[in-house]
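The structure appears right after this line, and notes come after that.
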Amino acid sequence: MPPPPTPPPSSSQQPQPQPPRTPLSSSRSHPHPHSHAHPLSQSQTSASAPSPHTPRTPRTPHTPQSASTTTATRTLTPRSLDSPSRQLVLELTSEVKQLRIQSVELKTLKAHERRTYYDTLDKLESEREKIYAAALDEVVERQCEIRRNAEEFLEKHCQKQEARRALKEKGERERLERVVRREAERERKRREKAEKAERAAREEKERIEAEEREKKKQLELREAAQRSVAEAKKKKEEEEAAAAKEAERIEQEKLAQQQKESEKKKPPVTAVKAGRRTEEEIRLHERYLEIHANLKKLRSWLEKEVASDRDKKREFGDLRRAIKKCAGQLTDDKKANRKPTKEVMDILKKSTTYIQPSVDIRDFIATPTQELLNAPNFQVSAIFIYLVNVLSKSVINQLISEAGVKPATAERLGVFVASIISTPDLAFHGHSMIDIVLAKYHLICPVLFGFYGREDTEEGKDALGWWREDRRQKGPFVHPSTHEERMIGLASGFAAMSLRNFSKAQRKNPLPNRYFWAAVAYIVEVPPEEVQSTHLYVLASLLRYSATRVVQFWGDFGLQMLRYVTVDWLEKVPGKSAAKSRCELLRINWVNEKGILIA
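When you line the sequence shown up against this note's numbering, it's residues 275 to 873, in that order.
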């Protein structure tokens, strides 16, 4: 931007060189040579310059203005001014006029210069305003461009956020869909399993009914034949009746004697399984098997009792299905498990109110206490006993299917059973219904109670609890991997039920800790050469997640037991197998997970 012009100097400033004349002063084309000199000095100079004796040369006017002035002066003077003083006056007058003219012209020039100066200032100000306006427009444009860029960036950011949110929502929807599909598949399998179980129960019921009808028919035919034979021989045998009766009596006594002798010679049913067990242990084992048989008879009898009453049959089926459902809903969340536990308790408490049909409680108790024997009445609700049996069977099936693959899941099932069976309202004169659960364990996992056999024989497999695909028809045994999963699940569940801590609870422990210790002792008492893979699988599953509680309950004795089992006794077992390796890994697992070092 050019600098503003310098303002004209004031009269107080020092004199500057005379600016060039403007057209306003063009009337004097030839200024006087002494126009810038003071008039008095000029007159004095001119007065003293000529001598009195030298004739004066008249001055020639230089401009038309001076000539006209002289002429005017001459016309005003009546006579010629031949005097030098007058001549000087005239010249002085002329110069004064000239100065006045110059002063007017100078004012006019100054006014023009001032006007030109302010016009220049206005022009510069206008140009400066244009520059400022252009700069402001440029700034506004730059700000608009920045705003547009910011809006574009914000829009892109919002689009990214929206895309990320949509992707997250899509992932969440897919996850929920997978969960729904998984739950639907699980529900479908459960329904199929339930339908299969119901179909099998229905077929079993139909088979039993057919057998009973056939037996009844055969009995009627036999009785009819006997009656006809008796009537035909009645007259002929009247005379020989006394002798025949005596002979018959003698024959019956003889047959009875022979039967007693054969029973004495015949080994007990569990002799193959007994191993090194005492007579009391064998008797107790047979008692539990008898309880299991009584439970099967109760189921068949009860189904017949409710078959005629449609409402009772439907209610009976709803209770059974509710217990199975609750057993399958257990998770690792203890708070979530309270709901199915309470639901099963309510069902069992409700079943105790059904007075009819009733059964004798002594048929389902292995070792009745004195308090129970002194009870005035031994009748209990048959539906209650049946539903406790359903609960036991459902829990065992869950142990086989879940804990057989993941033994850690047995803990929640053990808590579930212990919480329900220990309820005082479900006990009979202080005796819990745990014998119903133990009866099933004596049948399907006798190794826990010291009964076993060789795995390479059918009798030995039956003694070990090796399951058959069809037990009624003596079908083939299940695959070894299936048997392994069954034993792992059952042993893990037995440990979870028998290692519950009731020291701070008001309830009585239905399955005291001594059952766990006895199960481990039964296995390590087996001679090393007779140890089967089933022993090792059961032992490893008993101890896998139990080391902490073994130490908690038995202290140093528990540590000695763990060392004896995993070091001393295991070294005596010959050969190498997957089951033995499972036992050898116990010490490593205890160190890594529980910080228990067995050296």
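Each residue gets a CB set at the ideal place from its N, CA and C atoms; glycine is no exception.
Proximity of the region 579–589 to the region 659–670 falls short of the contact definition, fewer than three beta-carbon pairs being nearer than 8 Å. Going by C-alpha positions, A779 is about 17 Å away from Q826. Under DSSP, S655 takes part in a beta bridge, and its partners are S632.
With fewer than 16 other Cβ atoms from the protein chains shown falling within 10 Å of its own Cβ, Q435 counts as exposed. Below 8 Å, too few C-beta pairs join the region 615–625 and the region 640–647 to call them touching: fewer than three. Secondary structure note for L569: its alpha helix (DSSP H) is the uninterrupted segment 553–581. The Cβ atoms of P784 and I695 lie closer than 8 Å to each other. Taking a 10 Å sphere around the C-beta of N651, we find fewer than 16 other C-beta atoms and assign the residue as exposed. The way I'd put it, the region 623–642 doesn't touch the region 675–694; fewer than three beta-carbon pairs between them come closer than 8 Å. Taking the C-beta atoms as reference points, S668 is found no nearer than 8 Å to A596. In this structure V721 touches I797 by the C-beta definition: roughly 7 Å separates them, less than 8 Å. The distance from the Cβ of A737 to that of I565 is about 19 Å, inconsistent with a contact at the 8 Å cut-off. W828: member of the alpha helix (DSSP H) spanning 821–828, first to last residue. Under the 10 Å beta carbon count, W575 is surrounded by fewer than 16 other beta carbons and is classified as exposed. The criterion of a C-beta distance shorter than 8 Å is satisfied by V691 and V711.
Shortest Cα-Cα distance from Y838 to any of E799, M761, T822 involves E799.
A Cβ-Cβ distance of about 5 Å is found for the pair T822 and K868, placing them in contact under the 8 Å criterion.
In this structure V824 does not touch L813 by the C-beta definition: roughly 13 Å separates them, more than the 8 Å allowed.
Using a 10 angstroms sphere on the CB of E412, the tally of other CB atoms stays under 16, which defines it as exposed. In this structure, E732 is the residue among Q492, E577, E732 with its C-alpha nearest to the C-alpha of K748.
DSSP places E685 in the uninterrupted alpha helix (DSSP H) bounded by 684–695. By the Cβ-count criterion, T627 is exposed, with fewer than 16 other Cβ atoms from all chains shown falling within 10 Å of its own Cβ. DSSP places M761 inside the alpha helix (DSSP H), whose first and last residues are 754–772. The C-alpha of H559 lies about 8 Å from the C-alpha of F723.
Here R818 carries a coil assignment [DSSP, helix/strand/coil]. F590 sits in a helix when the DSSP states are folded into three classes. In the displayed model, R476 falls within a helix according to three-state DSSP. Each residue's CA atom was taken as its position, placing D744 and L773 some 33 Å apart.
At least 8 Å separates the beta-carbon of G688 from that of A765.
By the Cβ-count criterion, C432 is exposed, with fewer than 16 other Cβ atoms from all chains shown falling within 10 Å of its own Cβ. Close CB contacts of S820 within its chain, under the 8 Å cut and outside five residues either way in sequence, are with A769, L773, F790 (chain order). Taking a C-beta distance under 8 Å as the contact criterion, G767 and L673 qualify as a contact pair.
Annotated as proximal: L816 and A793, with beta-carbon spacing under 8 Å. Short of 6 Å from the beta carbon of W740, and not among the five residues preceding or following it, lie these beta carbons of its own chain, in chain order: F751, H757. Boundaries of the alpha helix (DSSP H) harbouring H716: 708–718, taken from the DSSP string. Exposed is the label assigned to F427, since fewer than 16 other Cβ atoms lie within 10 Å of its Cβ.
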